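Student: Shown below is the structure under consideration.
Protein chains in written order, with UniProt numbering: chain A, 1 to 112; chain B, 1 to 276.
The structure is reproduced here in structure tokens:
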């Protein structure tokens, strides 16, 4: 899908108008952003916004996130285990210390 | 005030142009203009005048008109300084422009070129193989393959460089979006403060507005709370014209509910140019 984010009041207004007139090409509305269908019409609408508002319009191409394909098991396990922790106040760093769970710094430095 | 039409001069606080061929649009356009179609000698119109310069008005924003009238009467809103602050911060904020377009285009072009050359290399390899199988001369094809292979290597390097340049440009664009984000916040804040100020100012003259509504022709009801108005825009505009301090004339154009120029001036408590 195409994620369109706006960064000015004028661009936001145009986005709102586009959503209203081309409901079928818009998959989701998220305030000043929207997900457009990945079709030529979706791209056309996104590009029209950019032609009108320049850098105030950000267009990203998105795809569904498959954690089983994109993320190593240790990270998935760590997320589950942390959400299962006993004390809600335990910060993750402390939770991960002395276990096999990855520490935040190593995760930060590793691209998916 | 003095108005000159076809060499004839009209003077006074009330000028009746019934019987001349001056249209309301011409009269409105002439009030306060530097190069007017007809000569109108009058004080410079203020912001409140803008809303009621022609009655009936073509469009009428009641809240904005009331705010302008309140301002003309000397009212101010406590939100004013917050608005000024947000406006000045907004003016100081510059969102850098980043040319990611060119970088994107280069990635697409170098990628396409690489793809074309890759196909060409595959095709030449196939041809070479076929010639070898029938023991034909391969010298020419080998030379072509060598050339295509080295051009492919170059294209690959170009594509990688283009991708790196795009990554850098996108990182800069991401940072620039932080200031765009901030600018949007400020734009919203300015708009909110402006609304708040309009609300405050309209509230400041609400009682005068209620009283004015009772003194102008028309059926409208005004509640005690600011903003509670039920009636047509013409009545509201007449009331605003009455309560606002107006130095420049209001052009009254064929308002059935007002009978003549003098009546208009006394209802509106303002200088009037009356068009029959």
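Note that the Cβ used here is the ideal one computed from N, Cα and C, for glycine as well. A quick note: this is a predicted structure, and the numbers were derived from the prediction, not measured.
Which runs of the alpha helix (DSSP H) fall wholly inside the region 182-266 of chain B and span at least 4 residues, in chain order?
Tutor: Complete alpha helix (DSSP H) runs here, min 4: 206-215 and 233-243.
Student: Mind checking the region 188-205 of chain B against chain A and listing, in chain order, the residues whose C-beta falls within less than 8 Å of any C-beta there?
Tutor: Going along the region 188-205 of chain B in chain order, one finds 188 and 191 with a Cβ nearer than 8 Å to chain A.
Student: Tell me which residue opens and which closes the beta strand (DSSP E) that residue 3(A) is part of.
Tutor: Counting along the chain, the beta strand (DSSP E) containing residue 3(A) begins and ends at 2-6.
Student: Using a threshold of 8 Å, state whether the C-beta atoms of residue 25(A) and residue 5(A) are closer than that.
Tutor: No, the pair does not count as a contact, with Cβ atoms beyond the cut-off.
Student: Sort 112(B), 31(B) and 98(B) by Cα distance to residue 172(B) and report the nearest one.
Tutor: For residue 172(B), the nearest C-alpha among the options comes from 98(B).
Student: At a CB-CB cut-off below 7 Å, which residues of chain B make contact with residue 56(A)?
Tutor: Per Cβ cutoff of 7 Å: 180.
Student: For residue 35(A) and residue 2(A), which I take to be in contact (beta-carbon distance under 8 Å), what is that distance rounded to the nearest angstrom?
Tutor: Right, the Cβ-Cβ distance comes to about 7 Å (below 8 Å), so this counts as a contact.
Student: Taking the alpha-carbon positions, what's the residue 19(B) to residue 276(B) distance?
Tutor: Straight-line Cα distance between these residues: approximately 7 Å.
Student: Can you find a CB in chain B that lies within less than 8 Å of the CB of residue 106(A)?
Tutor: No, no contact with chain B.
Student: At 8 Å on the CB atoms, spell out the chain B contacts of residue 9(A), in chain order.
Tutor: 184, 187, 188 and 191, listed in chain order.
Student: Does DSSP classify residue 56(A) as helix, strand or coil?
Tutor: In the structure shown, residue 56(A) sits in a helix (DSSP, three-state: H, G or I).
Student: Leaving out five residues before and five after residue 212(B) in sequence, what residues of the same chain have Cβ atoms less than 6 Å from its Cβ?
Tutor: Closer than 6 Å at the Cβ level, and outside the excluded window around residue 212(B), lie 239, 242 and 243.
Student: Which residues of the region 93-107 of chain B have a Cβ closer than 8 Å to any Cβ of chain A? Give them in chain order.
Tutor: Going along the region 93-107 of chain B in chain order, one finds 95, 97 and 98 with a Cβ nearer than 8 Å to chain A.
Student: Tell me, please, which residues DSSP counts as bridged to residue 39(B).
Tutor: In DSSP, residue 39(B) forms a bridge with 4(B).
Student: Need the endpoints of the beta strand (DSSP E) that residue 33(A) sits in, please.
Tutor: That run of the beta strand (DSSP E) goes 33-36.
Student: Taking a contact to mean a Cβ-Cβ separation below 8 Å, would you say residue 151(B) touches residue 110(B) in this structure?
Tutor: Result no, Cβ atoms of residue 151(B) and residue 110(B) do not sit closer than 8 Å.
Student: Between which two residues does the alpha helix (DSSP H) carrying residue 28(B) extend?
Tutor: Counting along the chain, the alpha helix (DSSP H) containing residue 28(B) begins and ends at 24-30.
Student: So, with DSSP's three-state summary, where would you put residue 15(B)?
Tutor: Strand at residue 15(B).
Student: Give the residues of chain A in contact with residue 151(B), contact being defined as C-beta atoms less than 9 Å apart.
Tutor: Ordered by position in chain A, no residue passes the 9 Å Cβ test against residue 151(B), which lies about 30 Å from the chain.
Student: What did DSSP end up calling residue 9(B) once you bin it into helix, strand or coil?
Tutor: Reduced to three states, the DSSP call for residue 9(B) is strand.
Student: Mind checking who residue 29(A) pairs with in its DSSP beta bridge?
Tutor: Paired residue(s): 34(A).
Student: Give every residue of the same chain whose Cβ lies closer than 6 Å to the Cβ of residue 96(B), excluding the five residues on either side of it in the sequence, and list them in chain order.
Tutor: Excluding residues within five positions, the ones whose Cβ falls inside 6 Å are 176.
Student: Say whether the region 46-54 of chain A touches the region 79-89 of chain A, bearing in mind that this needs 3 or more beta-carbon pairs closer than 8 Å, one atom from each stretch.
Tutor: Touching, no, given that fewer than three Cβ pairs across the two stretches are closer than 8 Å.
Student: Throw me the rounded Cβ distance for the residue 91(B) and residue 201(B) pair, which I believe falls under 8 Å.
Tutor: About 23 Å; that fails the 8 Å criterion.
Student: May I have the straight-line CA-CA distance separating residue 236(B) from residue 263(B), to the nearest angstrom?
Tutor: Taking the straight line joining both Cα atoms gives about 18 Å.
Student: Taking only three categories from DSSP, how would you classify residue 54(B)?
Tutor: In this structure, residue 54(B) counts as strand in the three-state DSSP scheme.
Student: Counting contacts by CB-CB distance shorter than 8 Å, is residue 176(B) in contact with chain A?
Tutor: For residue 176(B), the answer is yes, since a Cβ of chain A falls inside 8 Å of its Cβ.
Student: Given a threshold of 16 other Cβ atoms within 10 Å of its Cβ, counted over all protein chains shown, does residue 126(B) qualify as buried or as exposed?
Tutor: Per the 10 Å Cβ criterion, exposed.
Student: By the DSSP assignment, the alpha helix (DSSP H) with residue 98(B) in it spans what residues?
Tutor: Premise fails: residue 98(B) is in no alpha helix (DSSP H) and is neither H nor E.
Student: Quick check on residue 209(B): buried or exposed, where buried means 16 or more other Cβ atoms within 10 Å of its Cβ?
Tutor: Classification of residue 209(B): buried, given that the 10 Å Cβ count is 16 or more.
Student: From residue 82(B) to residue 63(B), what distance separates their C-alpha atoms?
Tutor: Computed Cα separation, rounded: 20 Å.
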